[in-house]
Amino acid sequence: MAEHCTNDRQPTFNKPKVELHVHLDGAIRIETILDVAKRRGISLPVDTVPALKDICTVSKPATLTEFLGKFNEYMHVIAGDRKAIKRIAYEFVETKAKEGVAYVEVRYSPHFLANTGVEPLPWDQKEGDITPDEVVRLVNEGLSEGEKAFKIKARSILCCMRHMPNWSMDVVELCKKYRNDGVVAIDLAGDESMNCEAYPGHRKAYEEAVKCGIHRTVHAGEVGPPSVVEEAVDVLKAERIGHGYHTVKDPILYSRLLKDNMHFEVCPVSSKLTGACDPDFTKHPLIRFKEDKANFSLNTDDPLIFDSTLDTDYETVKKYMGFTEEDFKKLNINAAQASFLPEKEKKDLLNLLYEAYDMVCSTGL
Ligand SMILES: [Zn+2]
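The sequence shown begins at 1107 in our numbering and counts up one residue at a time.
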């Protein structure tokens, strides 16, 4: 990009932001992957930042297989290594602080970073001694040290994977175990063509989450049809929907969710590059969401793979969908309200935003 240097530019929305949908393992720094590979003696096909970036990112709309293949390029470097797992969590908080995020909920599958107590072992790893439980502890430590160092708030969401229903009960148990240590919710990610009728492990895990008061979000209606969203809401009792773009194809369901003020975690750049939505942003379902005053947030999803920052998403919707400063304030307040923080902390976060947005009521006494 020779024409201008984007680093010197002011962010599109230069005020505190809330991000609710971003994957820890899709937000690792290229430099860190290279560094850890060197330390562990793992050989990668290339050894420079630009060359590895080239391998790990998608720059034009891809298929789901191409997209998922990107994780194969680097996850074996980070998984099964205590220092690396803690480091990516810590660095994640630093990155978000630099992007002007005041509060972030970051999600990941503990099983994808473990090298024992997980069947099958992911990323062709050799059996080791890091369980999914220890992964959660390491991430919690990294996030909590990052919070102290960079003065923002970070919480985590643990992901079930659609193709691995046998992991899901573990995931909800980890949510319960670490609910007072930074874990705020359960998620279900992966290939939406695998519904929960055929894979009851997820349904059981979500039932347990409901029973124990664990918050719930579900990836649904990203690539899949509205029926996946309906299942997320009716069967899994999702309180937020990850993406949800294709909900608009079912007018009855869509108007019901609008009425219920369902929160949609919208990821504009991601939705183009994964092929979830028409690559023409002027036809994006987010325009409909905005017109209908739906409840939504703006999120990066997997910034490593999309070679993006949160500002890329804000810039995109400003440029192609006419989002204004007022729209940005409104959607961040919606995001704070839809966050999985306890009520008192949510109130504090909202007050922080109101103040930064000059929306304080004159009740100073
Ligand atoms: Zn996602």
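For glycine and all other residues, C-beta sits at the position ideal for the given N, C-alpha and C.
The structure displayed is predicted, hence computed values, not measured ones.
Just mark residue i as buried or exposed, buried being the case when its beta carbon has 16 or more other beta carbons within 10 Å.
{"i": "Arg1268", "result": "buried"}
{"i": "Arg1261", "result": "buried"}
{"i": "Glu1449", "result": "exposed"}
{"i": "Asn1367", "result": "exposed"}
{"i": "Arg1115", "result": "exposed"}
{"i": "Asp1287", "result": "exposed"}
{"i": "Glu1303", "result": "exposed"}
{"i": "Cys1111", "result": "Residue placement at Cys1111 is poorly supported in this model, since its pLDDT is 47, which falls under 50; the coordinates still yield a value, given next. Classification for Cys1111: exposed."}
{"i": "Gly1085", "result": "The structure shown does not extend to residue 1085, since the chain spans only 1107 to 1471, so no value can be given for it."}
{"i": "Thr1388", "result": "exposed"}
{"i": "Val1466", "result": "exposed"}
{"i": "Ala1255", "result": "exposed"}
{"i": "Asn1272", "result": "exposed"}
{"i": "Cys1318", "result": "exposed"}
{"i": "Ile1263", "result": "buried"}
{"i": "Asn1120", "result": "exposed"}
{"i": "Thr1171", "result": "exposed"}
{"i": "Thr1154", "result": "exposed"}
{"i": "Glu1337", "result": "buried"}
{"i": "Ser1274", "result": "buried"}
Return the first residue and the last residue of the beta strand (DSSP E) that residue i is part of.
{"i": "His1349", "result": "Arg1346 to His1349"}
{"i": "Ala1143", "result": "No beta strand (DSSP E) contains Ala1143, which is instead part of the alpha helix (DSSP H) from Ile1136 to Arg1146."}
{"i": "Ala1326", "result": "His1321 to Ala1326"}
{"i": "Met1267", "result": "Lys1259 to Met1267"}
{"i": "Lys1365", "result": "Careful: Lys1365 lies outside any beta strand (DSSP E), inside the alpha helix (DSSP H) at Pro1357 to Lys1365."}
{"i": "Ser1403", "result": "Asn1401 to Leu1404"}
{"i": "Phe1370", "result": "His1369 to Val1372"}
{"i": "Ala1291", "result": "Val1289 to Ala1295"}
{"i": "Val1152", "result": "It is not in any beta strand (DSSP E) - Val1152 carries neither H nor E in the DSSP assignment."}
{"i": "Leu1130", "result": "Unbroken run through Leu1130: none, as it is neither H nor E."}
In chain order, what residues of the same chain have a beta carbon less than 6 Å from the beta carbon of residue i, not counting five sequence neighbours either side?
{"i": "Pro1156", "result": "none"}
{"i": "Gly1248", "result": "Lys1192, Ala1195 and Tyr1196"}
{"i": "Val1242", "result": "Pro1216, Leu1280 and Tyr1284"}
{"i": "Val1316", "result": "Lys1343"}
{"i": "Lys1176", "result": "Cys1162 and Ile1411"}
{"i": "Tyr1305", "result": "Pro1271"}
Return yes when at least one heavy atom of ligand 1 lies under 7 Å from the C-beta of residue i, else no.
{"i": "Ala1168", "result": "no"}
{"i": "Ala1295", "result": "yes"}
{"i": "Asp1407", "result": "yes"}
{"i": "His1129", "result": "yes"}
{"i": "Gly1348", "result": "yes"}
{"i": "His1484", "result": "Residue 1484 lies beyond the residue range present for the chain, which begins at 1107 and ends at 1471; the question has no answer from this structure."}
{"i": "His1325", "result": "yes"}
Nearer than 7 Å: is that true of the beta carbon of residue i relative to any heavy atom of ligand 2?
{"i": "His1308", "result": "As presented, the structure is devoid of ligand 2, carrying ligand 1 as its sole ligands."}
What residues in its chain sit with their C-beta under 8 Å from that of residue i, if we drop five residues either side in the sequence?
{"i": "Glu1451", "result": "Lys1259"}
{"i": "Leu1471", "result": "Below a pLDDT of 50, predicted positions are generally treated as unreliable, and Leu1471, at 43, falls in that range; the measurement from the model is reported next regardless. Within the same chain, Leu1471 has no close Cβ partners at all."}
{"i": "Asp1297", "result": "Leu1170, Arg1268 and His1269"}
{"i": "Glu1240", "result": "Arg1188 and Ala1220"}
{"i": "Thr1469", "result": "Confidence at Thr1469 is low in this model, with a pLDDT of 45, below 50, so the placement of that residue should be treated as unreliable; the coordinate-derived value is given next. Taken in chain order, the list of residues that qualify is empty."}
Excluding the 5 residues preceding and the 5 following residue i in the sequence, name in chain order all residues of the same chain whose CB lies nearer than 7 Å to its CB.
{"i": "Glu1253", "result": "Val1199, Lys1259 and Ala1260"}
{"i": "Ala1441", "result": "Val1124, Leu1126 and Ser1403"}
{"i": "Glu1421", "result": "Thr1118"}
Counting along the chain, where does the alpha helix (DSSP H) carrying residue i start and finish?
{"i": "Ile1161", "result": "Val1155 to Cys1162"}
{"i": "Arg1193", "result": "Arg1188 to Lys1204"}
{"i": "Leu1437", "result": "Glu1431 to Ala1444"}
{"i": "Ile1184", "result": "Leu1170 to Ile1184"}
{"i": "Leu1227", "result": "Neither: Leu1227 is in no alpha helix (DSSP H) and is coded neither H nor E."}
{"i": "Tyr1426", "result": "Leu1416 to Met1427"}
{"i": "His1217", "result": "Pro1216 to Leu1219"}
query: Does the pairing of the stretch 1156 to 1176 with the stretch 1424 to 1441 give three or more beta-carbon distances under 8 Å?
result: By the Cβ rule, the stretch 1156 to 1176 does not count as touching the stretch 1424 to 1441, because fewer than three pairs are nearer than 8 Å.
message: Using 8 Å as the cut-off, can you tell me whether the stretch 1130 to 1148 makes contact with the stretch 1175 to 1194, which would need three or more C-beta pairs spanning the two stretches below that distance?
response: The stretch 1130 to 1148 is in contact with the stretch 1175 to 1194.
- prompt: Can we say the stretch 1450 to 1469 touches the stretch 1141 to 1152, given the rule of at least three CB pairs closer than 8 Å?
  reply: Judged by Cβ distances under 8 Å, the stretch 1450 to 1469 makes no contact with the stretch 1141 to 1152, as fewer than three pairs qualify.
query: On the three-pair Cβ rule with 8 Å, is the stretch 1123 to 1131 touching the stretch 1202 to 1212?
result: Taking one beta carbon from each stretch, the stretch 1123 to 1131 and the stretch 1202 to 1212 have 3 or more pairs nearer than 8 Å; the two touch.
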